[in-house]
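In my numbering, the protein residues as written are 3 to 331.
Heads up, the thing below is written out as structure tokens.
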Amino acid sequence: CPDGLCCSKKGYCGTNAHFCSPSLGCQAKYGKCLETRCGKGIGQCPSGQCCSAKGYCGTNAHFCSPSLGCQAKYGKCLETRCGKGIGQCPSGQCCSKKGYCGTTKSFCYASRGCQSKYGKCDRYCGTNSNFCSPSLGCQAKYGKCLETRCGKGIGQCPDGQCCSKKGYCGTNSNYCSPSLGCQAKYGKCLETRCGKGIGQCPDGQCCSKKGYCGTTKSFCSPSLGCQAKYGKCLETRCGKGIGQCPSGQCCSKKGYCGTDREYCHYDYGCQNKYGRCIYHGCGIVNGKNYGQCPSGQCCNKEGYCGTTKSFCYASLGCQAKYGKCDSAN
3 CPDGLCCSKK GYCGTNAHFC SPSLGCQAKY GKCLETRCGK GIGQCPSGQC
53 CSAKGYCGTN AHFCSPSLGC QAKYGKCLET RCGKGIGQCP SGQCCSKKGY
103 CGTTKSFCYA SRGCQSKYGK CDRYCGTNSN FCSPSLGCQA KYGKCLETRC
153 GKGIGQCPDG QCCSKKGYCG TNSNYCSPSL GCQAKYGKCL ETRCGKGIGQ
203 CPDGQCCSKK GYCGTTKSFC SPSLGCQAKY GKCLETRCGK GIGQCPSGQC
253 CSKKGYCGTD REYCHYDYGC QNKYGRCIYH GCGIVNGKNY GQCPSGQCCN
303 KEGYCGTTKS FCYASLGCQA KYGKCDSAN
């Protein structure tokens with residue numbers, strides 16, 4: 003090839019990866035080839051790159067797929083493991099002959115060793131849920147599909163089964179997880195319950211508005227009803243340089259939005275500048291005497307203690323009997 007160009011596997015000159023990648027057949031004898039070498043007797047790839055079966059560094063599937071020979075000893079390799087003694091692939095992925103998860107034909111074709119026990123397999127006939135489940139793509143035109151339908155206008159699943167978001171009955175997480183759309187009205191849903199009269203979620207999980215434990219936004223967002231009393235909540239931040247809490251929520255001392263006493267009581271440091279505060283800490287409010295503010299703080303006309311002008315200026319209603327007031331203004 004002319005100077006600076008690479009000679010592809012098929013004998014054409016060019017400058018992109020199709021021409022210059024040794025792993026794609028670049029012929030170094032007839033032009034330049036670009037990748038860094040790696041492997042036994044050579045060493046590691048640069049940080050973040052993978053070492054291919056042929057000993058070249060790169061970042062796409064040709065370099066990084068263990069099922070295509072990625073050498074983890076000399077760089078990173080990307081796929082999740084699967085198979086006997088390891089377990090299932092994530093939903094929608096295939097388990098290759100060598101026990102790696104992915105979605106290309108080298109993972110998913112039964113003729114290449116796809117393990118249907120540990121993930122889906124494409125374009126082949128079988129009898130388990132990976133083949134027969136309409137919700138996983140079973141083609142009823144070319145064979146039987148097993149699930150019972152359920153939902154509005156159809157009815158309940160058989161006893162012990164769950165009704166998926168798409169209206170099919172089954173028993174795994176695709177059917178039974180409320181976070182994936184399980185319809186409790188038409189079958190069981192499996193996540194742990196929580197809330198008043200039930201109790202806490204397992205450690206690290208959030209209790210949703212409807213009383214289910216999980217870890218996604220629908221469970222953990224206070225704005226969607228996460229119950230901090232029964233599990234963790236991934237709170238919205240608030241405060242100086244951040245801003246206000248959503249309507250009706252309180253900004254805690256540490257700058258998180260919520261609705262229980264740790265967020266809303268002045269005794270705990272509720273910041274009324276960035277959200278509501280519900281505890282009257284001082285003075286006379288609606289005929290009730292809440293007493294003095296802590297030393298150095300002012301009692302405003304609404305019965306809250308603080309140190310800014312909205313609390314301390316007499317012209318704004320500061321109650322001198324229950325804390326200090328600035329006579330100026």
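For glycine and all other residues, C-beta sits at the position ideal for the given N, C-alpha and C.
Just so it is clear, the structure is predicted and the values come from calculations on it, not from any experiment.
(request) Can you tell me which of C272, C235 and C72 puts its alpha carbon nearest to the alpha carbon of C53? (result) C72
(request) Taking 8 Å as the cut-off, decide whether the C-beta atoms of G101 and R114 are in contact. (result) no
(request) For the segment 13-71, list the alpha helix (DSSP H) runs that are entirely contained and at least 4 residues long, ordered along the chain. (result) 19-22 and 63-66
(request) Decide if N291 is buried, meaning its Cβ has at least 16 other Cβ atoms within 10 Å, or exposed. (result) exposed
(request) Tell me K290's beta-bridge partners as DSSP assigns them. (result) V287
(request) Return the chain-ordered list of same chain residues with a C-beta closer than 8 Å to the C-beta of G332, the five sequence neighbours on each side being excluded. (result) No answer is possible for residue 332: it lies beyond the span of the chain, which begins at 3 and ends at 331.
(request) Determine the burial state of T310: buried for a count of at least 16 other Cβ atoms within 10 Å of its Cβ, exposed for fewer. (result) exposed
(message) Taking the alpha carbon of L36 as the reference point, which residue from P296, G60 and R239 has its own alpha carbon closest?
(response) G60
(request) In angstroms with no decimal places, state the Cα-to-Cα distance between P68 and G16. (result) 29 Å
(request) Would you be able to state if there are at least three C-beta pairs under 8 Å between the segment 187-196 and the segment 152-172? (result) yes
(request) List the endpoints of the continuous alpha helix (DSSP H) containing K242. (result) No alpha helix (DSSP H) contains K242, which DSSP labels as neither H nor E.
(request) Figure out for me which residue from K75, K86 and S297 has the closest Cα to the Cα of G45. (result) K75
(request) Look at the alpha carbon of Y58 and the alpha carbon of G43, and state the distance between them as a whole number of angstroms. (result) 13 Å
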